[in-house]
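Engineer: Once you've had a glance at the structure underneath, I'll fire off some questions.
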Amino acid sequence: MTVDEGLLLATVNDAFATSAAGLRAWADPHPDRMPADEEYSRCLDPGKYRIVGAR
């Protein structure tokens with residue numbers, strides 16, 4: 004099966020625009036660097052990850 008990557012990305016972005024309505028975005032906590040490996044296991048504010056489910 005061949006996937007049209009452009010179509011897939013457009014479809015996901017369109018769906019996200021609808022499902023993310025009303026959810027607040029958050030600023031990049033590390034705009035000048037990549038996060039440390041140990042940061043990936045931390046979840047200080049689980050509510051902000053509602054956006055992941057919407058995506």
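Whatever position you read off the sequence shown (first residue = 1), add 3 for the working numbering.
In this text, a Cβ means the ideal position worked out from N, Cα and C, and glycines have one as well.
Here the structure is a predicted model, which means the values were calculated and not measured.
1. By how many angstroms is the C-alpha of alanine 28 removed from the C-alpha of glutamate 42?
2. For the alpha helix (DSSP H) containing glutamate 8, name the first residue and the last one.
3. Using 8 Å as the threshold, is the C-beta distance between leucine 26 and arginine 45 below it?
4. Does proline 34 come out as helix, strand or coil in the three-state DSSP assignment?
Structural biologist: So, from the data block:
1. 19 Å
2. 8-22
3. no
4. coil
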